[in-house]
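In our numbering, the protein residues as written are 1009 to 1204. Please read the structure below before turning to the comments.
What follows is the structure, given as structure tokens:
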């Protein structure tokens, strides 16, 4: 009986401690702490959608449209879905801190690369972490879950890919979450960020 009560209390306390940091249903074009940049983002049917403007892409040094979320956190569980069209070449997930980039994965036709950005590295140089993940899948919703705890991160993409990686620099504080892409059209839905 005592063991049952202990397990019950621990399970329920861990659930209570999880706090919602960001919840974006994309029902509204305006949201506190969200910046839709480098393109004309549309917010309809609980989805954010943008088509790259090639002139803006060139103007911003070959960086495509992005949704930025300003929120300070260290550990988090980040969940969302994205859908690229056939012309989309990359999807980019980025976490930045006060010193610059902290963590990123980029998905393209060549697969997914997961990277850390040690603060001591010059000019935002990154290091590769883990194995290569899945390729960009056109015209289909792809669920993503990124779990960050201290120096460890687990990246789940789609139904079959999960990779756990570790690097000391991942334990740094984060200030900004970015969801971006290059070329074509991308849609995003169901963004939720909670404490683990």
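By construction, the Cβ of each residue, glycine as well, lies at the ideal position given by its N, Cα and C atoms. The structure presented is a predicted model; accordingly, all values stated were derived computationally and were not measured.
If you drop the 5 nearest sequence neighbours on each side, which residues of the same chain put their C-beta closer than 7 Å to that of residue i?
i            : result
residue 1189 : 1072, 1073, 1092, 1096, 1098, 1099, 1100
residue 1062 : none
Going by DSSP in three states, residue i sits in which element: helix, strand or coil?
i            : result
residue 1038 : coil
residue 1017 : Note that residue 1017 scores a pLDDT of 43, beneath 50, so its modelled location is shaky; the value from the coordinates is reported in the next line. Note: residue 1017 maps to helix in three-state DSSP.
residue 1156 : strand
residue 1067 : helix
residue 1177 : helix
residue 966  : Here the chain comprises residues numbered 1009 to 1204, so residue 966 is not present and cannot be evaluated.
residue 1149 : coil
residue 1054 : coil
residue 1134 : coil
residue 1186 : strand
residue 1076 : strand
residue 1092 : strand
residue 1047 : coil
Which residues in the same chain as residue i place their Cβ atom closer than 8 Å to its Cβ, once the five residues preceding and following it in sequence are excluded?
i            : result
residue 1148 : 1091
residue 1081 : 1029, 1181, 1182, 1201, 1203
residue 1143 : 1115, 1116, 1117, 1118, 1119, 1120
Select from the options the residue whose C-alpha is nearest the C-alpha of residue i.
i            : options                : result
residue 1113 : 1172, 1065, 1081, 1061 : 1172
residue 1059 : 1048, 1038, 1122       : 1048
residue 1145 : 1165, 1127, 1158       : 1165
residue 1196 : 1031, 1027, 1157       : 1031
residue 1175 : 1107, 1126, 1104       : 1126
residue 1052 : 1069, 1143, 1036       : 1036
residue 1134 : 1104, 1194, 1041       : 1104
residue 1077 : 1167, 1160, 1128, 1038 : 1038
residue 1150 : 1040, 1199, 1069, 1065 : 1199
With the cut-off set at 8 Å, would you say residue i and residue j are in Cβ contact?
i            : j            : result
residue 1120 : residue 1141 : yes
residue 993  : residue 1055 : The chain is shown from 1009 up to 1204; residue 993 falls before or after that span and cannot be answered.
residue 1029 : residue 1202 : yes
residue 1124 : residue 1170 : no
residue 1181 : residue 1106 : yes
residue 1083 : residue 1156 : yes
residue 1192 : residue 1094 : yes
residue 1185 : residue 1086 : yes
residue 1057 : residue 1050 : yes
Please classify residue i: is it buried, with 16 or more other beta-carbons within 10 angstroms of its beta-carbon, or exposed?
i            : result
residue 1117 : exposed
residue 1046 : buried
residue 1042 : buried
residue 1102 : buried
Kindly list the residues whose CB is nearer than 6 Å to the CB of residue i, restricted to its own chain and excluding five residues on each side of it in sequence; keep chain order.
i            : result
residue 1158 : 1179
residue 1218 : Residue 1218 lies beyond the range of the chain shown here (1009 to 1204); nothing can be said about it.
residue 970  : What is shown of the chain runs 1009 to 1204, which leaves residue 970 out entirely.
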